[in-house]
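J.:
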Amino acid sequence: MNIAFVGIREDELKTVSAPKRVGNALFNRLRKNSQDNYYFFSLNLENETDLIERDKNIIRGNLNQLGNFIRDNNIDVVYFARYYSKIALSLIWLKLRYKFKLVYTAHGIVKKEHEINKSFSSLSIFIEKLLLKSCDKVIVVSEKTKKELANYYKNLELNNVVVIPNGVNKIESNKDFDFKKELNIRNNKKNILTIGIRKIKNIEEILETFKNNKTISHKANLIVIGETTTEYSKKIIDKYKDCEGIIFKELMKPANLFAVYNNIDLYIQISKFETFGISIVEALLSGKNVILSKLLPIAKYFTDKEVYFYEYKNNNLSDVIIEALNNNNIKAIEGCKKVEKMFNWDTVSEKYEKIFKSLS
Numbered sequence: 001m002n003i004a005f006v007g008i009r010e011d012e013l014k015t016v017s018a019p020k021r022v023g024n025a026l027f028n029r030l031r032k033n034s035q036d037n038y039y040f041f042s043l044n045l046e047n048e049t050d051l052i053e054r055d056k057n058i059i060r061g062n063l064n065q066l067g068n069f070i071r072d073n074n075i076d077v078v079y080f081a082r083y084y085s086k087i088a089l090s091l092i093w094l095k096l097r098y099k100f101k102l103v104y105t106a107h108g109i110v111k112k113e114h115e116i117n118k119s120f121s122s123l124s125i126f127i128e129k130l131l132l133k134s135c136d137k138v139i140v141v142s143e144k145t146k147k148e149l150a151n152y153y154k155n156l157e158l159n160n161v162v163v164i165p166n167g168v169n170k171i172e173s174n175k176d177f178d179f180k181k182e183l184n185i186r187n188n189k190k191n192i193l194t195i196g197i198r199k200i201k202n203i204e205e206i207l208e209t210f211k212n213n214k215t216i217s218h219k220a221n222l223i224v225i226g227e228t229t230t231e232y233s234k235k236i237i238d239k240y241k242d243c244e245g246i247i248f249k250e251l252m253k254p255a256n257l258f259a260v261y262n263n264i265d266l267y268i269q270i271s272k273f274e275t276f277g278i279s280i281v282e283a284l285l286s287g288k289n290v291i292l293s294k295l296l297p298i299a300k301y302f303t304d305k306e307v308y309f310y311e312y313k314n315n316n317l318s319d320v321i322i323e324a325l326n327n328n329n330i331k332a333i334e335g336c337k338k339v340e341k342m343f344n345w346d347t348v349s350e351k352y353e354k355i356f357k358s359l360s
């Protein structure tokens, strides 16, 4: 059986994109342990990668070469790991011509993100609809995401939608990363971390809570890691950059990010929408207390023995933060045990392989 991953090939230990990290990590594990032939067709849609591999099963090319690649290698199944409108449209057409099976992991719902922050166009929504209809299997990372997808696309065949959580592994931190120097921290306060400077991440509620609660700001620093060049992030950074204790930092490689996890006391994720939330799992793997919104799909995997839940209507975020900062890491220990077992890459890879084989 010949299976092709189509996307952007990058080093899973270096890419800052969670969906790309998942797709590349899955490829690395499946081709190593499977009897089937796995290929990766990498497209140059973004900046050139510094990853150089001499491997006949890893091909770099342009979108107009994808059809010949599928034909010449007798590809049975194409796996599409991250949404790009150009790739999606091409695969929809090529599937009609070459009759391969198509599997797609919906790391996000384009239609929902368009509603929240207009990050995708109406054309992208139309392409997403065509893509979902063309897929033989659609992978989602939680039951809640499956229900949301069904809500947005009423005619979607739910028998073809399969729930498989993302695999997450603890990456060795960069021992040369000087935490205080890199983040320009000159005090010995506790450190709170959140990732993502986008409206969909509900970042302003975290920033406003920190800014307006002196108990928290006197006790801790707030580190915000994320995109720093978008129109929205520039506006947010400009608004809060002079607030005492708030530190903005651009996205960083996983090894550096894990060095940050090692030095924090609390991680917060209260996004309005998050299909999974790899950083939540990574923080727990690093043995840190976590606050997450009870509305997030990943929240269903946890209890209040492992994380601190934030409910918009029932909780004051300040109170939850203070409680988490004041308490020990008993919850973090239990959370770490759970994620080590639940999001283990061996288990996740086996589930994907079963999906691919079921289409042969």
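Heads up, the sequence shown is in the UniProt record's numbering, so the first residue is 1 and it goes up one at a time.
Ideal Cβ placement from N, Cα and C applies to all residues, glycine included.
The model shown is predicted, which means the values in this text are computed figures rather than measured ones.
Any chance you could list the beta strand (DSSP E) runs of at least 3 consecutive residues sitting entirely within the region 292–346, in chain order?
T.: With a minimum length of 3 residues, the continuous beta strand (DSSP E) runs that stay inside the region 292–346 are 308–310.
J.: Starting from V163 and walking both ways along the beta strand (DSSP E), at which residues does that stretch end?
T.: Taking the sequence shown and counting its residues from 1, one reaches residue 163 at position 163. Looking at the DSSP string, the run of the beta strand (DSSP E) that includes V163 is 161–163.
J.: Please state if the CB of L156 and the CB of I109 are separated by a distance shorter than 9 Å.
T.: Looking up residue 109 in the sequence shown gives position 109. Looking up residue 156 in the sequence shown gives position 156. No. Outside cutoff.
J.: Using the Cα positions of E340 and D346, report the straight-line distance between them to the nearest angstrom.
T.: Within the sequence shown, numbered from 1, the residue matching residue 340 stands at position 340. Within the sequence shown, numbered from 1, the residue matching residue 346 stands at position 346. Cα to Cα, E340 sits roughly 11 Å from D346.
J.: State buried or exposed for K32, treating a residue as buried only when at least 16 other CB atoms are found within 10 Å of its CB.
T.: Numbered from 1 along the sequence shown, position 32 holds the residue referred to as residue 32. Looking at its Cβ environment, which holds fewer than 16 other Cβ atoms inside 10 Å, K32 is exposed.
J.: In its own chain, which residues sit with a C-beta less than 7 Å from the C-beta of E12, not counting the 5 before and 5 after it?
T.: Here residue 12 corresponds to residue number 12 of the sequence shown, with the count starting at 1. R21, N24, A25, N28, listed in sequence order.
J.: Which same chain residues, not among the five before or five after I127, have their C-beta less than 6 Å away from its C-beta?
T.: Within the sequence shown, residue 127 is the residue found at index 127, counting from 1. Result list for I127: S85, A88, L89, in chain order.
J.: State the start and end residues of the unbroken alpha helix (DSSP H) segment that holds Y232.
T.: As a first step, residue 232 is located in the sequence shown; it is residue number 232 there, counting from the start. Run containing Y232: 231–240, per the alpha helix (DSSP H) assignment.
J.: Ordered along the chain, which non-local residues of its own chain (more than five positions away) have a Cβ less than 8 Å from that of R97?
T.: Here the question's residue 97 lines up with position 97 in the sequence shown. Hits under 8 Å: G67.
J.: Less than 6 Å between C-beta atoms, sequence neighbours within five positions excluded: which residues of the same chain meet that for E227?
T.: Indexing the sequence shown from 1 puts residue 227 at position 227. Cβ neighbours of E227 beyond the five flanking positions: I197, S233.
J.: May I ask you to list the residues that DSSP assigns as paired with G23?
T.: Taking the sequence shown and counting its residues from 1, the one referred to as residue 23 is at position 23. Partner(s): none; G23 has no beta bridge.
J.: Helix, strand or coil: which one does DSSP assign to E350?
T.: Taking the first residue of the sequence shown as 1, we reach residue 350 at position 350. Three-state DSSP puts E350 in a helix.
J.: Got a sec, what are the start and stop residues for the alpha helix (DSSP H) I148 sits in?
T.: Taking the sequence shown and counting its residues from 1, one reaches residue 148 at position 148. The question names Ile, but residue 148 is Glu in the sequence shown. Segment 143–152, the alpha helix (DSSP H) holding E148.
J.: Taking N262 as the reference, which of K14, I171, V320 has the closest Cα?
T.: One-based indexing of the sequence shown puts residue 262 at position 262. When only C-alpha atoms are compared, the closest one is I171.
J.: Would you mind giving the Cβ-Cβ distance between I280 and V290, rounded to the nearest angstrom? I have them listed as a contact below 8 Å.
T.: Within the sequence shown, the letter at position 280 stands for residue 280. Within the sequence shown, the letter at position 290 stands for residue 290. The Cβ separation is near 6 Å, so the contact holds.
J.: Measuring CB atoms only, is the region 174–183 touching the region 196–214, in the sense that at least three cross pairs come out at less than 8 Å?
T.: Taking 8 Å as the limit for Cβ pairs, the verdict is that the region 196–214 does not touch the region 174–183.
J.: If you follow the alpha helix (DSSP H) that Y98 is part of, which residue opens it and which one closes it?
T.: As a working mapping, residue 98 is identified with position 98 in the sequence shown. Counting along the chain, the alpha helix (DSSP H) containing Y98 begins and ends at 85–98.
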